[in-house]
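One structure below.
Protein chains: 2
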Amino acid sequence: MATDYLYHQLESWLQEGIQKQRWRLGERLPSIRTLCQEHGLSRSTVQHALQRLEAQGLLEARPKAGYFVRFQPKALEIPQSRVQIDEPQLVTVSDLLLDIMGRSAAFDLLPDLNVGDLPPGVVALNRSIGRSLRRQRGDDYQYYDEPAGNLRLREQLALHNSRRGWIVSPDELCITSGCQHALFLALMATCEKGDVVAVESPGFYGALQLLEQLELKVVEVPTSVESGIDTDSLEEALKNWKIKACIVSPAFGTPSGVLMPDSSRKRILELAEQYDLAIIEDDIYGDTAFGAVPDPLKAIDTESRVILCSSFSKCMSRDLRLGWISGARWHSRIIRLKLVTQLASSRYLQQGVADYMEEGGFATHLRKLRKELRERRDCLIAHLHDWPCDLRVNLPQGGLSVWVELPESVDTLGAYTKALEHNVVITPGPLFSVSGQFQNYLRISFEHPWSPKRVNALNRLPEILLSDR
Amino acid sequence: MATDYLYHQLESWLQEGIQKQRWRLGERLPSIRTLCQEHGLSRSTVQHALQRLEAQGLLEARPKAGYFVRFQPKALEIPQSRVQIDEPQLVTVSDLLLDIMGRSAAFDLLPDLNVGDLPPGVVALNRSIGRSLRRQRGDDYQYYDEPAGNLRLREQLALHNSRRGWIVSPDELCITSGCQHALFLALMATCEKGDVVAVESPGFYGALQLLEQLELKVVEVPTSVESGIDTDSLEEALKNWKIKACIVSPAFGTPSGVLMPDSSRKRILELAEQYDLAIIEDDIYGDTAFGAVPDPLKAIDTESRVILCSSFSKCMSRDLRLGWISGARWHSRIIRLKLVTQLASSRYLQQGVADYMEEGGFATHLRKLRKELRERRDCLIAHLHDWPCDLRVNLPQGGLSVWVELPESVDTLGAYTKALEHNVVITPGPLFSVSGQFQNYLRISFEHPWSPKRVNALNRLPEILLSDR
Chain A
1 MATDYLYHQL ESWLQEGIQK QRWRLGERLP SIRTLCQEHG LSRSTVQHAL
51 QRLEAQGLLE ARPKAGYFVR FQPKALEIPQ SRVQIDEPQL VTVSDLLLDI
101 MGRSAAFDLL PDLNVGDLPP GVVALNRSIG RSLRRQRGDD YQYYDEPAGN
151 LRLREQLALH NSRRGWIVSP DELCITSGCQ HALFLALMAT CEKGDVVAVE
201 SPGFYGALQL LEQLELKVVE VPTSVESGID TDSLEEALKN WKIKACIVSP
251 AFGTPSGVLM PDSSRKRILE LAEQYDLAII EDDIYGDTAF GAVPDPLKAI
301 DTESRVILCS SFSKCMSRDL RLGWISGARW HSRIIRLKLV TQLASSRYLQ
351 QGVADYMEEG GFATHLRKLR KELRERRDCL IAHLHDWPCD LRVNLPQGGL
401 SVWVELPESV DTLGAYTKAL EHNVVITPGP LFSVSGQFQN YLRISFEHPW
451 SPKRVNALNR LPEILLSDR
Chain B
1 MATDYLYHQL ESWLQEGIQK QRWRLGERLP SIRTLCQEHG LSRSTVQHAL
51 QRLEAQGLLE ARPKAGYFVR FQPKALEIPQ SRVQIDEPQL VTVSDLLLDI
101 MGRSAAFDLL PDLNVGDLPP GVVALNRSIG RSLRRQRGDD YQYYDEPAGN
151 LRLREQLALH NSRRGWIVSP DELCITSGCQ HALFLALMAT CEKGDVVAVE
201 SPGFYGALQL LEQLELKVVE VPTSVESGID TDSLEEALKN WKIKACIVSP
251 AFGTPSGVLM PDSSRKRILE LAEQYDLAII EDDIYGDTAF GAVPDPLKAI
301 DTESRVILCS SFSKCMSRDL RLGWISGARW HSRIIRLKLV TQLASSRYLQ
351 QGVADYMEEG GFATHLRKLR KELRERRDCL IAHLHDWPCD LRVNLPQGGL
401 SVWVELPESV DTLGAYTKAL EHNVVITPGP LFSVSGQFQN YLRISFEHPW
451 SPKRVNALNR LPEILLSDR
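Chains A and B supply the protein sequences, listed in that same order. Quick note: the first sequence uses UniProt numbering, first residue 1, plus one each step. Quick note: the second sequence uses UniProt numbering, first residue 1, plus one each step.
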């Protein structure tokens, strides 16, 4: 047999195995050595076949780990996105949606799950905070911290972000009580009651709730899992209505999980300049990137129009209640608003987190977390393959969840209560819009390990969702 | 000598000694045994004289400790209060005032003082929080806490308040990031941009800053160090303008330090009902009471119109960033606002504080603190006696500061920068009003121990204040 033929034969055999799910998404292929032995081939022939499959997007090479399946069977197309834009409207979040938000903010599938021990990274963080508490002296507990927050923590955050391609000075950062608090400050600083704010659709429900409470009007801009917010639609909206701010999540925002392409990033900044717009960047998932960590949109903000908001909640601990904001041209107003609305953040806490970052704990934790999240994503997708219905699902390269489109007849909001009776919490699609859309969509989290209990809950879902049609 | 004459002689001798400051305010008189021995009198004669002086208000009996001087020499009259009411106006806080607020929020006289070790009560609190951190498990760090806050902490706070005469259920409490945050939520829930809010004058500058940022109009209601907010003036204002809310500090509010009399409490609630008013009660100093801890105004709020705001900052630690709010008829809206503006509070922190309260640490700390604060107040007043100018000063029964009226020619705001050059931080009177009043007033803190360094700074003040006249 010619060498040409040999590698091609192996390639076809592997392709077929992936198509038939002998190896499923996220699984590792047999090692090069095993393939050599079992197929009686040379190392270079095997490598050639694997590299060709990698180039086709079916495999992913991970250094020192091997080749992993990244192919999505055809049945799993990506979810469709909405097309139309509605008039600006005030937001009304129903009590049912509020209840759902309360229950599933962090965790779907299983409520009240005892998740067991803490990851080592969080244990180390807590130790660092404990040490900071023990070091507290008289002038710490009797003074409020400065409004912008602890300088050492801001220095560490500036350093952390500069490694991501965003060169920022500690003076441009202000510590907040989380990302939601940062979004709130950004909206308070840029908008007044009745103003119009553009958001991604589907988009983060916490932003919609904020708009409701601040009595701001919303324009929902179609956002796809492939290319993020549709900048043409945004421009159309800007032509039609006076819009004051636009909230976007360029890196793996929930639920679309999309990484905004460079062309959209440039376009949205051009539009901001042209239409005098504040861009509120929700970067909370930026650090979860499974591959290269993307620059924030803020990194190319030459006109000081991007307010970056983020926190430690998604990648470290939701119980820290620490976030940050970089307020661009509105920064001093934002610090002022933080001062009058809550004076300061805990100094001991900020010092503890700064220590943790200085000692490299945060970077180490992130490396581990990213690997685990990718594996959990792959495991989730593999299980979705087995669902007894057509579905479309995205393959996010960061974040904590996938976005699933089910057959049109499925009503996820209607199924919420029924699922709860089975002790399964779901996150229905209509949460992510004010217009009742995405009724046959579901967000599913892969943040947590796939324990048998969680897999069982996941596998019970199709029956619950499909039975009522 | 008749017995009648003997006790009278001792009484006159003691009176003269107090007038001439042989024993100064807050100092203990010689013991009964000593007085018996030195004056050759019986125990009952000495006791009779002391009791008569106590009845005249010159002495204070403290069980198991003896008799203490509570007389204020005539030179120290109480500060005068304002009389007129201005039209509602928007608040503009100048940059200078903002700078002063930043520096002296917690501590006047000396900036950047290294105050040394923590009080045992704060050490115990921090240990409790550290333990709570070490006990954290998977479901703690991955979930947000419920919006109203940790139930155990709310139960402890309810218990604590019920001992003060306010029977409250944990459901009526919501945990916040401090009292300022609670005030913010209260104003957000009850007012809209442009609405009018009545405040005490002089009153807490943090409330004025909040009104500025929320674009609310202020009406300043005269408030005296003897009887608190003038309810007749408040009624006059309510007749003239549509007022949505009134912020009051019935217990030792800064800077007046006054305890609102029962008659004013009843009157203000009647006015609230008559004029459809929200009463925002700032109770942050309630727990510092040197004598019996007063009921909050909220305790007699039968019409659900009083929103109580408080925190641990003044009596425990400013670095906790934990407060609470009881929102009356606006409570569910307030919880909702807390949820959308910052999601949740740290669970580990709330659990640690709840443990501390359960174990009796908080009550023990408060007992000690109250005693210390009273002694520090007395020490401050004694030093003020020596100032080479006329002054009027109040004698607060709680709180952390006195309110000093200086000769009319003194300009405390003007002296601020000069004092700073001498490394002395002062809190000028004009901070406590929007109308430029109280220019010859000063708030002086007695929160901290009177170290030689602090006494020295205090004694340098008259020269700084009086030289520029």
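Note that CB positions come from ideal geometry on N, CA and C, so glycine has one too.
Taking a contact as a CB-CB distance under 8 Å, the pair A:Trp403 and A:Ser256 counts as one, their CB atoms being some 6 Å apart.
For A:Leu369, the enclosing alpha helix (DSSP H) has its first and last residue at Gly361 to Leu384. Against A:Ser345, the close residues of chain B are Arg321, in the order they occur along the chain (beta-carbon pairs closer than 7 Å). Between the region 374-394 of chain A and the region 165-177 of chain A, the count of C-beta pairs closer than 8 Å stays below three; the two stretches do not touch. Arg336, Leu337, Leu339, Val340, Thr341, Gln342, Leu343, Ala344, Ser345, Ser346, Arg347, Tyr348 and Leu349: these are the residues of the region 334-359 of chain B whose beta carbon lies less than 9 Å from some beta carbon of chain A, given in chain order. Assigned with DSSP and collapsed to three states, B:Phe432 falls in helix.
Per DSSP, reduced to three states, the secondary structure at A:Phe438 is coil, with no helix or strand assignment. Under the DSSP assignment, B:Cys179 falls in the alpha helix (DSSP H) whose first and last residues are Cys179 to Thr190. Annotation: the continuous alpha helix (DSSP H) that includes A:Cys36 extends over Ile32 to His39. With a threshold of 8 Å between beta carbons, A:Gln37 makes no contact with chain B. With 16 or more other Cβ atoms from the protein chains shown falling within 10 Å of its own Cβ, A:Trp330 counts as buried.
Among the CB atoms of chain A, one or more fall inside 8 Å of the CB of B:Gln180.
Shown here, B:Tyr348 sits in a helix according to DSSP, grouped into three states. Collapsing the DSSP output to three states places A:Pro462 in a helix. Excluding the 5 residues flanking it on each side, A:Leu97 has same chain C-beta neighbours closer than 8 Å at Tyr205, Pro430 and Leu431, in chain order. With a threshold of 8 Å between beta carbons, A:Lys193 makes contact with chain B. Closer than 8 Å at the C-beta level to chain B, one finds these residues of the region 207-221 of chain A: Gln209, Leu210, Glu212 and Gln213.
The C-alpha of B:Arg22 is placed about 19 Å away from the C-alpha of B:Arg52.
Assignment of B:Tyr275 by DSSP, reduced to helix, strand and coil, places it in the coil class. For the pair A:Leu6 and A:Ile32, the Cα-to-Cα distance works out to about 15 Å. With a cutoff of 8 Å on beta-carbon distance, A:Leu35 and A:Leu59 are scored as not near each other. A:His422 sits exposed, since fewer than 16 C-beta atoms from the chains shown fall within 10 Å of its C-beta. Between the alpha carbons of B:Leu185 and A:Leu211 lies a distance of about 16 Å. In the DSSP assignment, the residues bridged to A:Phe68 are A:Arg28 and A:Glu60. Judged by beta-carbon spacing, B:Leu187 lies beyond the 8 Å limit of B:Leu208, meaning their Cβ atoms are not closer than that value. For B:Leu420, the closest of B:Glu408, B:Cys389, B:Ile464 and B:Cys379 by C-alpha to C-alpha distance is B:Ile464. Look at A:Ile426: its C-beta is not under 8 Å from any C-beta on chain B. Sequence-distant Cβ neighbours of B:Leu369 in its own chain, meaning closer than 8 Å and more than five residues away, are Pro119, Gly121, Thr288 and Cys315. For B:Lys244 against B:Ala278, the beta-carbon gap comes to about 7 Å, under 8 Å, which counts as contact.
When the five nearest sequence neighbours on each side are left out, the beta carbons in the same chain lying within less than 7 Å of the beta carbon of A:Ala382 are those of Arg24, Leu25 and Gly26, in order along the chain. The C-beta of A:Gly130 comes closer than 8 Å to at least one C-beta of chain B. In the three-state DSSP reduction, A:Ile284 falls in the coil class, being neither helix nor strand.
DSSP lists no bridge partner for A:Ser304.
In this structure, B:Leu442 sits near B:Ile426, with a CB-CB distance shorter than 8 Å. Interface annotation, B:Asn126: in contact with chain A, CB-CB separation under 8 Å. Rounded to the nearest whole angstrom, the C-alpha separation of B:Leu413 and B:Glu405 is 13 Å.
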